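Asker: Numbering (this note's numbering), first residue to last: 14 to 334.
Where a beta carbon is used, it is the ideal one built from N, C-alpha and C, also for glycine.
Since the model is a prediction, treat every value here as computed from it, not as a measurement.
The structure follows.
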Amino acid sequence: MMDWTDRHCRFFHRLLSARALLYTEMVTAEAVLRGDRTRLLGFSPEERPVGLQLGGSDPAKLAEAAAIGESYGYDEINLNVGCPSDRVQQGRFGACLMAEPELVARLVAGMRARVTIPVTVKCRIGIDQQDSEADLERFVASVAAAGCRTFIVHARKAWLDGLSPKENREVPPLDYGRVYRLKAARPELEIVINGGIQSLDEAETHLQHVDGVALGRAAYQNPYMLAEVDRRLFGAPAAAPSRREVLEAMLPYVERHLRGGGRLNNIARHILGLYHGQPRARTFRRCLSELAPREGAGIDVLLEAMRIVEGAGSARLLAAE
Ligand SMILES: Cc1cc2nc3c(=O)[nH]c(=O)nc-3n(C[C@H](O)[C@H](O)[C@H](O)COP(=O)(O)O)c2cc1C
14 MMDWTDRHCR FFHRLLSARA LLYTEMVTAE AVLRGDRTRL LGFSPEERPV GLQLGGSDPA
74 KLAEAAAIGE SYGYDEINLN VGCPSDRVQQ GRFGACLMAE PELVARLVAG MRARVTIPVT
134 VKCRIGIDQQ DSEADLERFV ASVAAAGCRT FIVHARKAWL DGLSPKENRE VPPLDYGRVY
194 RLKAARPELE IVINGGIQSL DEAETHLQHV DGVALGRAAY QNPYMLAEVD RRLFGAPAAA
254 PSRREVLEAM LPYVERHLRG GGRLNNIARH ILGLYHGQPR ARTFRRCLSE LAPREGAGID
314 VLLEAMRIVE GAGSARLLAA E
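In structure tokens:
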């Protein structure tokens with residue numbers, strides 16, 4: 014998710030779930046080819062498995078960008094066919110590609126020819142007037158014929174004209190049944206449902222109908238929900254880490270980032286929701302959101318926020334510093 018799931022966010026989320034597949038923000042093929050690759054593609058091996066999401070509509074450029082992505086160590090290449098923003102439409106990619114299934118098939122085939130990792134597609138259930146069940150089936154059939162086995166489907170259509178990207182995540186109604194029926198019609202494909210899923214209880218209900226669940230805003234705003242994912246959704250025996258254990262495990266990573274000249278807020282901004290719904294969560298959030306953006310903010314800000322929210326126990330950590 015743009016501006017959210019950067020490498021620091023993913024490192025943090027990985028401490029909460031060893032098994033969930035994490036995705037990058039969308040990176041355009043053009044940016045991969047021409048931009049600062051270390052900044053755009055660099056990540057820590059601890060974040061894996063990670064999928065690189067690409068945006069674009071030029072077969073040669075996307076194929077090249079996918080090959081570069083694989084060489085950086087990504088575990089999957091995902092093509093964005095779901096983003097409705099104007100900027101993306103002007104580049105003729107994102108959700109507007111749902112109107113061009115044959116082109117998407119060519120894009121997928123071109124990328125698959127250059128990489129050994131899976132090439133997957135994230136799409137909507139429809140766009141504008143092209144939103145019938147038959148339209149979605151035609152799109153999926155065409156792209157699956159090019160070798161895409163996995164579709165992450167945001168269960169609402171996008172209106173490309175008239176709604177902002179934010180409205181397009183809220184206004185068109187969710188239609189989970191459409192995604193369930195897609196799975197029933199194409200059982201050989203891996204169908205992952207997305208959109209409005211708020212809890213692991215809801216995720217478990219969806220998993221009775223589809224192969225996977227993609228969590229966006231809920232997981233970002235309340236990241237601790239990821240702590241139960243391994244046990245509940247993957248059947249892993251491990252107990253969930255406590256919030257405090259997760260914060261403690263972040264400290265060496267934050268210190269390394271600061272020593273390398275990075276800013277505390279690059280990381281702290283992703284952690285604000287860790288205590289969502291817990292006592293003193295608001296003070297934790299306020300402490301971090303006020304102090305972490307300041308010039309020169311150091312690890313002591315994180316330790317202080319931790320002391321506030323965890324109480325006296327964390328003083329030991331402070332004293333050990
Ligand atoms: C801030 C923000 C940025 C997003 N960026 C992307 C993106 O880069 N690629 C993408 O496929 N979807 C992106 N999305 C959409 C989400 O992946 C997801 O499809 C949508 O929010 C619905 O799922 P949710 O209700 O679980 O959040 C973004 C959503 C938000 C809120």
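Could you give the residue range of the alpha helix (DSSP H) that holds Glu77?
Answerer: From DSSP, the alpha helix (DSSP H) with Glu77 extends over 72-84.
Asker: Determine the extent of the alpha helix (DSSP H) in which Glu215 is found, giving its start and end residues.
Answerer: Where Glu215 is concerned, the enclosing alpha helix (DSSP H) stretches over 213-219.
Asker: Out of Val205, Arg269, Ala231, state which residue places its alpha-carbon closest to the alpha-carbon of Gly290.
Answerer: If we check each option's Cα against that of Gly290, Ala231 comes out closest.
Asker: Which residue's Cα is closest to the Cα of Ser177: Cys96, Leu239, Arg162?
Answerer: Nearest C-alpha to Ser177: Cys96.
Asker: Select from Asn207, Ala240, Thr133, Arg191 the residue whose C-alpha is nearest the C-alpha of Gln66.
Answerer: Here the closest residue by C-alpha is Thr133.
Asker: Using a Cβ-Cβ cutoff of less than 8 Å, which residues in the same chain neighbour Ser145 once the five nearest sequence positions on both sides are dropped?
Answerer: Gly139, listed in sequence order.
Asker: In three-state DSSP terms, what is Lys170?
Answerer: Coil.
Asker: Straight-line CA distance for Lys74 to Glu317?
Answerer: Taking the straight line from one Cα to the other gives about 47 Å.
Asker: Taking the continuous alpha helix (DSSP H) assigned at Leu287, which residues delimit it?
Answerer: No alpha helix (DSSP H) holds Leu287; DSSP gives it neither H nor E.
Asker: If you reduce the DSSP assignment to three classes, tell me which class Gln291 lands in.
Answerer: Coil at Gln291, not helix or strand.
Asker: Below 8 Å between beta carbons: does that hold for Ala108 and Val94?
Answerer: Their beta carbons are under 8 Å apart, which means Ala108 touches Val94 by this criterion.
Asker: Between Val205 and Gly225, is the Cβ-Cβ spacing less than 8 Å?
Answerer: Against a cut-off of 8 Å, the Cβ pair of Gly225 and Val205 comes out as a contact.
Asker: Would you call the segment 29-44 and the segment 292-308 in contact, with 3 or more CB pairs under 8 Å?
Answerer: Contact between the segment 29-44 and the segment 292-308 is absent, because fewer than three Cβ pairs lie under 8 Å.
Asker: The alpha helix (DSSP H) spanning Ala31 covers which residue range?
Answerer: Element bounds for Ala31: n/a, residue is neither H nor E.
Asker: By Cβ distance, which residues of its chain are closer than 7 Å to Ser302, with the 5 residues on each side in sequence left out?
Answerer: Leu285.
Asker: Return the bridge partner residues of Met39 from the DSSP annotation.
Answerer: For Met39, which the question treats as bridged, DSSP gives the partners Gln66.
Asker: Hey, is Ala252 close to ligand 1, as in C-beta under 7 Å from one of its heavy atoms?
Answerer: False, no ligand heavy atom lies under 7 Å from that Cβ.
Asker: Going straight from the alpha carbon of Asn278 to that of Pro306, what length do you get?
Answerer: Cα to Cα, the separation comes out at about 5 Å.
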